[in-house]
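As numbered in UniProt numbering, residues 1 to 179 make up the sequence shown, in order. We put the CB at the ideal spot given by N, CA and C, even for glycine. None of the values given here were measured: they were computed from a predicted structure. One structure is given here, and the rest of the page talks about it.
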Amino acid sequence: MSHPTPCRGATIDADYAITRCANASATGWWVRLFRPGERKPAASKLFSDSVNGGYDAARVAARAWRDAQMAVLGILQRIRDGNGHFVACKRNASGKIGVRLCHDYNPDGSICRIYWEAKFMVDGKQRGRGYSVRKYGYEGAWRLATAERKRHDGRPVPSTAPDRPAWLEKFAAERGLTL
């Protein structure tokens, strides 16, 4: 039986972490589970149509295996908004997509530089601009970075800077810095 659309009947939550794999070497449902913040999958398995008894049977097997692995590994589904899009990553502490707090290290492992970085696209190429926390202060550097990002994407910016992370407070206290 042929299926004109590769993900016939796919729903937002029922097929979480499951994609259709249809190429010359394999045709089936591919389950890939990731832990938050990791790029390498914690669990991955292909459920071939030919081995599992067809398109629908392979999909059912993939869902069952995914649910069991999520329970074993303690992986939760990512939250989606009302439009079906994933909610912004919880690791984004800036409140603005494309703006992040960065730090660089000395060869001995100590932090040498802390800055807010804005990432944006210019003529199809990714560009970035950093604003030093030491030079502009925590909030000043954040405001400059969010303004730079807004200049390129036009989206609104949060009204207040995010709370300082604990590691930054500790770093400033150890060195007698005011942020």
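Per-residue DSSP class, three states only, for residue i
| i | result |
| --- | --- |
| ASP56 | helix |
| SER159 | coil |
| ALA166 | helix |
| LEU177 | coil |
| ALA68 | helix |
| LEU101 | strand |
| LYS14 | Reading off the sequence, residue 14 comes out as Ala, not Lys. Coil. |
| LYS119 | strand |
| LEU76 | coil |
| LYS96 | coil |
| ARG63 | helix |
Proximity below 7 Å, CB of residue i to CB of residue j
| i | j | result |
| --- | --- | --- |
| ALA24 | LEU33 | no |
| ALA145 | TYR136 | no |
| ASP123 | CYS112 | no |
| ALA118 | GLU139 | no |
| TRP167 | TRP142 | no |
| GLY98 | ARG155 | no |
| ALA172 | LEU179 | yes |
Per DSSP, cross-strand counterpart(s) of residue i
| i | result |
| --- | --- |
| PHE34 | Paired residue(s): none; PHE34 is not in a bridge. |
| ILE114 | HIS103 |
| GLY28 | CYS21 and SER48 |
Run of the alpha helix (DSSP H) containing residue i, from where it starts to where it stops
| i | result |
| --- | --- |
| GLY140 | 138-153 |
Assigned exposure category for residue i - 16 Cβ within 10 Å defines buried
| i | result |
| --- | --- |
| GLY28 | buried |
| ILE12 | Here the model assigns ILE12 a pLDDT of 49, short of 50, so the residue's position is not dependable, and the following value carries that caveat. Looking at its Cβ environment, which holds fewer than 16 other Cβ atoms inside 10 Å, ILE12 is exposed. |
| LYS40 | exposed |
| MET1 | Residue placement at MET1 is poorly supported in this model, since its pLDDT is 41, which falls under 50; the coordinates are not used for a value here. |
| ARG151 | exposed |
| residue 238 | The structure shown has nothing for residue 238, since the chain only spans 1 to 179. |
| ALA147 | exposed |
| VAL31 | buried |
| ILE73 | First, the residue type needs correcting, since residue 73 is Leu and not Ile in the sequence shown. Classification of LEU73: exposed, given that the 10 Å Cβ count is below 16. |
Segment limits, beta strand (DSSP E) that includes residue i
| i | result |
| --- | --- |
| ILE18 | 18-22 |
| LEU46 | 43-48 |
| GLY128 | 125-132 |
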